[in-house]
Structures are given as structure tokens and as C-alpha cells.
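Visitor: Handing you a structure now.
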Amino acid sequence: MPDDASTLLSEIRLHGAVPRHVAIIMDGNGRWAAARMLPRPIGHRNGMKSVREVVEAAIEAGVEVLSLYAFSQENWQRPAPEVSALMSLLEEYIAREAAELERQGVQVRFLGDLSRLAPAAMQAVNSVTAKTAHCSRLRLNLFVSYGSRAELLDAIRSIAEDAASGTLVPDAVTEATVSNRLLTAGCPDPDLLIRTSGERRISNFLLWQIAYTEIYISPVLWPDFDRRELYAAIRDYQQRDRRYGRVTA
Ligand code: FPP
């Protein structure tokens, strides 16, 4: 581990209050490739290396849940060769990493509209999900074909159906009723949301879940994002004063 990363990790451990749940909007693969006159899929391929490093770094820091936005519902509208390169990369990532993820104690889950995945991708997803189901050191949520509004609509529909059938009365609908019907049910809300490449947008990611999340914008393009960058974001988080709308005691 580079010296500055290990110094940051020691500081993180000294200052306690590690974010339990870190969510990341991985952005900038295309610009990383363009800056090197390379095709966009090469940027995504290098982004896959950052995924590997950040998973390891999250475990070392003591993060419990890591949520990565890998492919949005809107991403289906990218040119077919790019969509297909991203899907192949997902299959490759699973094939290469499944055994190591299990060894590291990473429970992998895929959240999103998986009905749109091709059979081979779906098979890979199911296999790594089953293989790592018993792991409990880190939960890795990979958001694929995901959109937060669609996720909320599904939850709203299911609440409306239960209300219509009389199994749920409107007064009994609480925040927990909604949270428990989202794909992230059972996970704590993210404490820290990181977006790379300097963009300042939420892009339809975890709209309900990030109500009180601390946001960190990194100028670094995703393929250059490494453990040092993750630790710098966590150190920044540790210096925030989280008030949840109240005043400091
Ligand atoms: C955003 O960069 C990134 C994506 C749409 C894909 C993210 C995918 C990976 C990091 C690699 C594969 C991941 C796994 C888990 C196997 P962009 O293409 O929007 O970049 P740009 O804004 O610079 O064009």
C-alpha cells in the first residue's frame, strides 16, 4: 500500500466513526479514455480495476456496505457496442473475481431491473450471488440496470396494492414501510456518497436513501480512483458535523 494511503488508513482508524455504508457514482471512464485517444470501453475496463481496489480498501477501512452504481437504466440508451462492452465486462468481472470476493468475505448483490440482462449475464449474476451469500465482512451492492424513480414506483405500487386489498391501512404507512420495499431493504442508508469526475449530479441514484447522506465530489476520473482517494473521502467525512437537521449539542 502506498505510504500516503497507509497514513490515511491509520488516521481513519484513529478518528473512529467510519461510514457504515459508502455509495459511489463511478463517473469519468469515457473522459479517461478520450484523454488518451482510446475507445470508451478501454476506460470501462480500467474502471473495473478501480472497482477491485476500492472493494479491498473498503474492507480494510471497516466499511460494512459498499454500493456501486455500475449501469443505470438510462445507460441502455448508449450505443449498442458500448452497452455490449459493459455487459461483457460485468461477466468478466464476475468470472475473474468471484472466488477472490468469496475469500475476502464479500457478499455480492445485484440491484436493479435484472430482467433486462442477457441470459449469460444473468447466469453469472446468479452464480456469484449464490457463491457469496454466506459472506458477511462486506456487502457489495452492484447497481445494474438501476433507476431510483423506478425503484420507488415499484414500492409505491406494492403499497397501493396492499392498501387496495385491505392488508395495509394508510395510517400504518411509515418511512420503514417504504424503506423495506426498496431494493436496499435491510441495508443502513448510505452515510457517504462519492461521485467521481467532478460532476455534481445524483443521476437517479438512491433518491430516498440519501436523505441525510454526506456528499463528496472527487475531481478524479473513476479509472484513476484508488484506495488513497477512498481514504481521503472517508477522512473528509470524519470531519463533517452530521446534524440531521438539528443543532449541535
Ligand atoms: C461512467 O463513466 C461509468 C459507467 C457508465 C460504467 C461504470 C462501469 C465500470 C466502472 C466498470 C465495470 C464495473 C463492474 C462492476 C464490472 P462514463 O462512461 O459516463 O464516463 P464519461 O462521463 O467520462 O463519459
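Its first residue numbered -2, the sequence shown is counted upward by one per residue in the working numbering. Ideal placement from N, C-alpha and C gives every residue a C-beta, glycine not left out.
Does DSSP put I156 in a helix, in a strand, or in coil?
Guide: On the sequence shown, position 159 is the one that residue 156 refers to. Helix, per DSSP.
Visitor: If I measure Cβ to Cβ from N43 and keep anything under 6 Å in the same chain, skipping five residues before and after, which residues do I get?
Guide: To locate residue 43, count along the sequence shown from 1; it is residue 46. These residues qualify, in order along the chain: P220.
Visitor: If contacts are defined as beta-carbon pairs under 8 Å, then I214 and R225 qualify, I think. What distance do you get, rounded to the angstrom?
Guide: The sequence position of residue 214 within the sequence shown is 217, counting from 1. The sequence position of residue 225 within the sequence shown is 228, counting from 1. Contact between I214 and R225 is absent: CB atoms are separated by about 17 Å, not below the 8 Å threshold.
Visitor: Measure the C-alpha to C-alpha separation of V125 and A208 and round it to an integer number of angstroms.
Guide: As a position in the sequence shown, residue 125 is number 128, starting the count at 1. As a position in the sequence shown, residue 208 is number 211, starting the count at 1. Distance between the alpha carbons of V125 and A208 is about 31 Å.
Visitor: Classify I199 as helix, strand or coil using the three-state DSSP reduction.
Guide: As a first step, residue 199 is located in the sequence shown; it is residue number 202 there, counting from the start. Reduced to three states, the DSSP call for I199 is coil.
Visitor: Along the chain, where does the beta strand (DSSP E) that runs through Q104 open and close?
Guide: As a working mapping, residue 104 is identified with position 107 in the sequence shown. From DSSP, the beta strand (DSSP E) with Q104 extends over V103 to L108.
Visitor: Taking only runs of the alpha helix (DSSP H) that begin and end inside the stretch 198 to 245, which ones reach a length of at least 4 residues, in chain order?
Guide: 224 to 235
Visitor: Please tell me whether, using a cut-off of 6 Å, the distance from the CB of G195 to the nearest non-hydrogen atom of ligand 1 is below it.
Guide: In the sequence shown, counting from the first residue as 1, residue 195 sits at position 198. G195 Cβ: outside cutoff for every heavy atom of ligand 1.
Visitor: Grab me the residues of A230's own chain with a C-beta within less than 7 Å of its C-beta, minus the 5 sequence neighbours each way, in chain order.
Guide: To locate residue 230, count along the sequence shown from 1; it is residue 233. Excluding positions up to five away in sequence, the list reads L189, I191, Y213 and S215.
Visitor: With a 10 Å radius around its C-beta and 16 neighbouring C-beta atoms as the bar for buried, classify D238 as buried or exposed.
Guide: Working through the sequence shown from its first residue, we reach residue 238 at position 241. D238 is exposed by the Cβ-count criterion.
Visitor: May I ask whether a heavy atom of ligand 1 can be found less than 6 Å away from the beta carbon of D223?
Guide: As a first step, residue 223 is located in the sequence shown; it is residue number 226 there, counting from the start. No.
Visitor: Pairing CB atoms from the stretch 78 to 86 with CB atoms from the stretch 97 to 106, are three or more of them under 8 Å?
Guide: no
Visitor: What I want to know is whether the C-beta of L203 ends up closer than 6 Å to one or more non-hydrogen atoms of ligand 1.
Guide: Against the sequence shown, residue 203 aligns to sequence position 206. Flag unset: Cβ of L203 not near ligand 1.
Visitor: In this structure, does DSSP put A20 in helix, strand or coil?
Guide: The residue labelled residue 20 in the question sits at position 23 within the sequence shown. Reduced to three states, the DSSP call for A20 is strand.
Visitor: At a threshold of 6 Å, does L227 count as lining ligand 1 (C-beta to nearest heavy atom)?
Guide: Numbered from its first residue, the sequence shown carries residue 227 at position 230. The answer is no for L227.
Visitor: According to DSSP, is S142 part of a helix, a strand, or is it coil?
Guide: Counted from its first residue, the sequence shown places residue 142 at position 145. Of the three classes helix, strand and coil, the one that applies to S142 here is strand, per DSSP.
Visitor: Restricting to Cα atoms, I'd like to know which of H41, G13, E61 and E89 is closest to G25.
Guide: The residue labelled residue 25 in the question sits at position 28 within the sequence shown. Per the Cα distances, H41.
Visitor: When you measure from the CB of N26 to every non-hydrogen atom of ligand 1, does any distance come out below 6 Å?
Guide: Here residue 26 refers to the residue found at position 29 of the sequence shown. Checking the Cβ of N26 against ligand 1 gives yes.
Visitor: Take S47 as the anchor and find which of D223, E211, Y228 and V62 has the nearest alpha-carbon.
Guide: As a first step, residue 47 is located in the sequence shown; it is residue number 50 there, counting from the start. Of the candidates D223, E211, Y228 and V62, the one whose C-alpha sits nearest the C-alpha of S47 is D223.
Visitor: Give me, in chain order, the residues of the same chain whose beta-carbon lies closer than 7 Å to that of G59; leave out the 5 immediate sequence neighbours on both sides.
Guide: Counting from 1 along the sequence shown, the entry for residue 59 is found at position 62. Only V15 meet the Cβ criterion.
Visitor: If you check the beta carbons only, do R136 and V19 fall under 7 Å apart?
Guide: For the purposes of this step, residue 136 is taken as the residue at position 139 of the sequence shown. For the purposes of this step, residue 19 is taken as the residue at position 22 of the sequence shown. Not closer than 7 Å, so no.
Visitor: For S162, is the classification buried or exposed, using 16 other Cβ atoms within 10 angstroms of its Cβ as the cut-off for buried?
Guide: Translated into the one-based positions of the sequence shown, residue 162 becomes position 165. That one is exposed.
Visitor: Roughly how many whole angstroms lie between the Cα atoms of L165 and L108?
Guide: Residue 165 sits at position 168 when you count from the first residue of the sequence shown. Residue 108 sits at position 111 when you count from the first residue of the sequence shown. Taking the straight line joining both Cα atoms gives about 26 Å.
Visitor: Is DSSP giving A115 helix, strand or coil here?
Guide: Locating residue 115 in the sequence shown gives position 118, counting from the first residue. A115 falls in the coil class under three-state DSSP.
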